[in-house]
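Notes to accompany the following structure.
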Amino acid sequence: MDQDHQLIKLICDGDRDAFSALYQRHHRSIFAYALHMSGDRQAAEDVMQETFTGLMQSAKSYDAERAPVHAFLLGIARHQVLRRLRYEYRHLTLVDAEVDSLPASESTSQITIRNEIVESVRKSVLSLPTHYREVVVLCELQEMSYEEASRVLACPVGTVRSRLNRARKMLIEKLRLVHGEDAPEAAQRSERCYA
Amino acid sequence: MKCSEFENQLSLVTELESNDFADREDVIKHAASCRSCATHLQEERSLSRSFGEIGAHIRQLSPSLDVEQRIMKAFDLEHQTTQRYSRGWSRYATAAIAATLFVAGISFALLHHQPQPASQGSNSRDDRLAAAGEIEPPRVPVPATLSTGKLKWRAGAPRSMRNKISRDAGALEVPREIATDFIRINYATPIEPGSQIVRVQLPRSAMSQFGLPVNMDRADQPVKADVIMGIDGVAQAIRFVQ
Numbered sequence: 001m002d003q004d005h006q007l008i009k010l011i012c013d014g015d016r017d018a019f020s021a022l023y024q025r026h027h028r029s030i031f032a033y034a035l036h037m038s039g040d041r042q043a044a045e046d047v048m049q050e051t052f053t054g055l056m057q058s059a060k061s062y063d064a065e066r067a068p069v070h071a072f073l074l075g076i077a078r079h080q081v082l083r084r085l086r087y088e089y090r091h092l093t094l095v096d097a098e099v100d101s102l103p104a105s106e107s108t109s110q111i112t113i114r115n116e117i118v119e120s121v122r123k124s125v126l127s128l129p130t131h132y133r134e135v136v137v138l139c140e141l142q143e144m145s146y147e148e149a150s151r152v153l154a155c156p157v158g159t160v161r162s163r164l165n166r167a168r169k170m171l172i173e174k175l176r177l178v179h180g181e182d183a184p185e186a187a188q189r190s191e192r193c194y195a
Numbered sequence: 196m197k198c199s200e201f202e203n204q205l206s207l208v209t210e211l212e213s214n215d216f217a218d219r220e221d222v223i224k225h226a227a228s229c230r231s232c233a234t235h236l237q238e239e240r241s242l243s244r245s246f247g248e249i250g251a252h253i254r255q256l257s258p259s260l261d262v263e264q265r266i267m268k269a270f271d272l273e274h275q276t277t278q279r280y281s282r283g284w285s286r287y288a289t290a291a292i293a294a295t296l297f298v299a300g301i302s303f304a305l306l307h308h309q310p311q312p313a314s315q316g317s318n319s320r321d322d323r324l325a326a327a328g329e330i331e332p333p334r335v336p337v338p339a340t341l342s343t344g345k346l347k348w349r350a351g352a353p354r355s356m357r358n359k360i361s362r363d364a365g366a367l368e369v370p371r372e373i374a375t376d377f378i379r380i381n382y383a384t385p386i387e388p389g390s391q392i393v394r395v396q397l398p399r400s401a402m403s404q405f406g407l408p409v410n411m412d413r414a415d416q417p418v419k420a421d422v423i424m425g426i427d428g429v430a431q432a433i434r435f436v437q
């Protein structure tokens, strides 16, 4: 039995320290997932709170053979995010934070260009349909394996792979349009590549 | 490699999990010879790099501290509620079992009850009063605790039980209902013939108002009492029954 599973058992018995320990182990990942999906810090904090509150009520139903605790928590968070997106449509609000961790060797103009590209990618990810966005968030932004993502999304690995492939193509198309590539040329490339 | 094959194999370059290095080499080699595919490969790599930067940046962010406090507070509240809920149920279950046993005991007593002539009843003072249809003014008692430091209980079992006891004199002792002496509540008017005894339940803390000791562990449990009600409806005296 792994440590997370032991913590879940203790939580079922009302152990406050175990709950706090589990929170410390997973809250950043849950927060990052919610932030990537919603693009809004306040919404992400709300989702995180709802996720851990949901854990209190559903800890007893956790089945270690079905998924690890991390996937179980992400599953709860995903449910909360989708519920919010369905009813609130806040996903176009963007994260306020700036990307400032570029390599020092790049020149100022290169940094500016990179910032623009990163910002465009972030906007494009937020504009993807939900089922494409979540595979990008899990597999690309949170660097989960296809198997882990398939457990969270409750779908086959092949579905994760095909959705991710399609999502990348959609993102590249969006970025071409954003950066002013000649539309007919982009359309031609798109037709050739994705047919 | 053809451009169409390049498109199919492009994921080998971008997928982090790919270990097929030979195919990767083919893809990169084709991109070096085809300008269009080279651009496409560059776009894919740029996208992957952007993902890495966004992911790394977001991983550095933390939720505000009050979120954790809210969550822990919710946990405390949830746990308290659950404890109270389960404790409440166990209390109800205990009460239900006690009530069932009580009803079973009463039923048993009634089934074995054989009426006896009144003259053969007990010689209890209350029974004599009840038989005469009147009640004499009780003696004004001094609470036993004040005089002896120990409660003085007096027999006051139901008639049926007392009859059975008198029939089976010398038999096994049957638990009886015991009571304190009557304690006057209202000294303004004497207790008149025609007054009635009424059985009531009071909070156990009421005993302390009459100078009787109260077990604080059972302070929330009610206690039975007999109250002498005057013909004007005013309570005249009280005794506590166990």
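Here the protein sequences come in this chain order: A and B.
At position 40 of the first sequence (counting the first as 1) the number is 40 in our numbering, and the numbers step up by one without a gap.
To convert, count from 1 in the second sequence and add 195; that's our numbering.
The beta carbon of each residue, even a glycine, is placed where N, CA and C say it ideally should be.
Quick caveat, the model's predicted, so the values are computed rather than measured.
Item to complete: Give the range of the beta strand (DSSP E) segment to which Ile-433 of chain B is assigned.
Response: Taking the first residue of the second sequence as position 1, residue 433 of chain B is located at position 238. For Ile-433 of chain B, the uninterrupted beta strand (DSSP E) run begins and ends at 430-436, by DSSP.
Worksheet item: Arg-254 of chain B touches chain A at which residues, Cβ-Cβ below 8 Å?
Response: For this step, residue 254 of chain B is matched to residue 59 along the second sequence. Residues of chain A passing the Cβ test: Arg-28, Ala-32.
Discussion item. Alpha carbons only, please: which of A:Gln-57, A:Glu-173, A:Arg-66 is nearest the one belonging to Leu-128 of chain A?
Written reply: Position 128 of the first sequence holds residue 128 of chain A. Here the closest residue by C-alpha is A:Glu-173.
Item to complete: Drop a sphere of 10 angstroms on the beta-carbon of Val-81 of chain A, count the other beta-carbons inside from all chains shown, and report buried for 16 or more, exposed for fewer.
Response: What you label residue 81 of chain A is simply residue 81 of the first sequence in a count that begins at 1. So Val-81 of chain A ends up on the buried side.
Worksheet item: Taking one C-beta from the stretch 42-54 of chain A and one from the stretch 112-128 of chain A each time, how about it: are there three or more such pairs within less than 8 Å?
Response: With the cut-off at 8 Å, the stretch 42-54 of chain A and the stretch 112-128 of chain A do not touch.
Worksheet item: Going by other Cβ atoms of all chains shown within 10 Å of its Cβ, with 16 needed for buried, is His-252 of chain B buried or exposed?
Response: Within the second sequence, numbered from 1, the residue matching residue 252 of chain B stands at position 57. By the Cβ-count criterion, His-252 of chain B is buried, with 16 or more other Cβ atoms from all chains shown falling within 10 Å of its own Cβ.
Fill in: Tyr-62 of chain A versus Ser-38 of chain A: straight-line alpha-carbon distance, rounded
Here residue 62 of chain A corresponds to residue number 62 of the first sequence, with the count starting at 1. Here residue 38 of chain A corresponds to residue number 38 of the first sequence, with the count starting at 1. Near 26 Å, if we compare the C-alpha coordinates of Ser-38 of chain A and Tyr-62 of chain A.
Discussion item. Given this structure, state the Cα-to-Cα distance separating Asp-117 of chain A from Val-136 of chain A, to the nearest angstrom.
Written reply: By 1-based counting over the first sequence, the position of residue 117 of chain A is 117. By 1-based counting over the first sequence, the position of residue 136 of chain A is 136. The amino acid at residue 117 of chain A is misidentified as Asp; the sequence shows Ile. Straight-line Cα distance between these residues: approximately 17 Å.
Fill in: Amino acids of chain B, ordered along the chain, whose beta-carbon sits closer than 7 Å to that of Tyr-23 of chain A
Within the first sequence, the letter at position 23 stands for residue 23 of chain A. Near Tyr-23 of chain A (Cβ distances below 7 Å), the residues of chain B are Glu-263, Ile-266.
Practice prompt. Indicate whether Ala-288 of chain B and Thr-53 of chain A have their beta-carbon atoms separated by less than 7 Å.
Written response: Here residue 288 of chain B is taken as the residue at index 93 of the second sequence, counted from 1. Here residue 53 of chain A is taken as the residue at index 53 of the first sequence, counted from 1. Not a contact, by the Cβ cut-off of 7 Å.
Discussion item. Whole angstroms are fine: how far does the CA of Glu-202 of chain B sit from the CA of Glu-273 of chain B?
Written reply: Position 78 of the second sequence, counted from the first residue, corresponds to residue 273 of chain B. Position 7 of the second sequence, counted from the first residue, corresponds to residue 202 of chain B. If you take the alpha carbons of Glu-273 of chain B and Glu-202 of chain B, they lie about 54 Å apart.
Practice prompt. Identify every residue that forms a DSSP beta bridge with Pro-417 of chain B.
Written response: Numbered from its first residue, the second sequence carries residue 417 of chain B at position 222. Pro-417 of chain B is bridged to B:Pro-398.
Worksheet item: What's the gap between the Cα of Val-298 of chain B and the Cα of Gln-396 of chain B?
Response: For this step, residue 298 of chain B is matched to residue 103 along the second sequence. For this step, residue 396 of chain B is matched to residue 201 along the second sequence. Spanning the two alpha carbons is a distance of roughly 17 Å.
Item to complete: Please confirm if the stretch 224-242 of chain B is in contact with the stretch 21-34 of chain A, defined as three or more CB-CB distances below 8 Å between the two stretches.
Response: Taking 8 Å as the limit for Cβ pairs, the verdict is that the stretch 21-34 of chain A does not touch the stretch 224-242 of chain B.
Item to complete: Mind checking which residues open and close the alpha helix (DSSP H) that includes Asn-410 of chain B?
Response: Reading the second sequence from its first residue, position 215 is the one you call residue 410 of chain B. Where Asn-410 of chain B is concerned, there is no enclosing alpha helix (DSSP H), given that its DSSP letter is neither H nor E.
Worksheet item: Under the three-state reduction of DSSP, which class applies to Gln-237 of chain B: helix, strand or coil?
Response: Stepping through the second sequence from its first residue, residue 237 of chain B is reached at position 42. Here DSSP, grouped into helix, strand and coil, assigns Gln-237 of chain B to helix.
Item to complete: Would you mind giving the Cβ-Cβ distance between Ile-11 of chain A and Leu-74 of chain A, rounded to the nearest angstrom? I have them listed as a contact below 8 Å.
Response: Translated into positions along the first sequence, residue 11 of chain A becomes position 11. Translated into positions along the first sequence, residue 74 of chain A becomes position 74. Not confirmed; about 17 Å, so no contact.
Practice prompt. Please report how far the alpha carbon of Cys-139 of chain A lies from the alpha carbon of Gln-49 of chain A, in whole angstroms.
Written response: The residue given as residue 139 of chain A occupies position 139 in the first sequence. The residue given as residue 49 of chain A occupies position 49 in the first sequence. Rounded to whole angstroms, Cys-139 of chain A and Gln-49 of chain A show a C-alpha spacing of 23 Å.
Worksheet item: Under 7 Å between C-beta atoms, does Ile-249 of chain B make it to chain A?
Response: Taking the second sequence and counting its residues from 1, one reaches residue 249 of chain B at position 54. Closer than 7 Å to some Cβ of chain A, the Cβ of Ile-249 of chain B qualifies, so yes.
Fill in: Burial state of Ala-432 of chain B (16 or more Cβ within 10 Å)
Stepping through the second sequence from its first residue, residue 432 of chain B is reached at position 237. By the 10 Å Cβ count, Ala-432 of chain B comes out buried.
Discussion item. If you follow the alpha helix (DSSP H) that Asp-4 of chain A is in, where does it begin and where does it stop?
Written reply: Here residue 4 of chain A refers to the residue found at position 4 of the first sequence. It spans 3-12 - the alpha helix (DSSP H) in which Asp-4 of chain A sits, taken as one unbroken run.
Practice prompt. Put Gln-142 of chain A into one of helix, strand or coil per three-state DSSP.
Written response: Residue 142 of chain A sits at position 142 when you count from the first residue of the first sequence. In the structure shown, Gln-142 of chain A sits in coil (DSSP, three-state: anything other than H, G, I, E or B).
Fill in: Collapsed DSSP secondary structure at Ala-326 of chain B in the structure displayed
In the second sequence, the residue the question calls residue 326 of chain B occupies position 131. Caution is warranted here: a pLDDT of 47 is assigned to Ala-326 of chain B, below 50, making its placement in the model unreliable, and no coordinate value can be reported.
Practice prompt. Starting from the Cα of Glu-248 of chain B, find the closest Cα among A:Asn-115, A:Ala-18, A:Val-160, A:Arg-166 and give me that residue.
Written response: Within the second sequence, numbered from 1, the residue matching residue 248 of chain B stands at position 53. The residue with the shortest Cα to Cα distance from Glu-248 of chain B is A:Asn-115.
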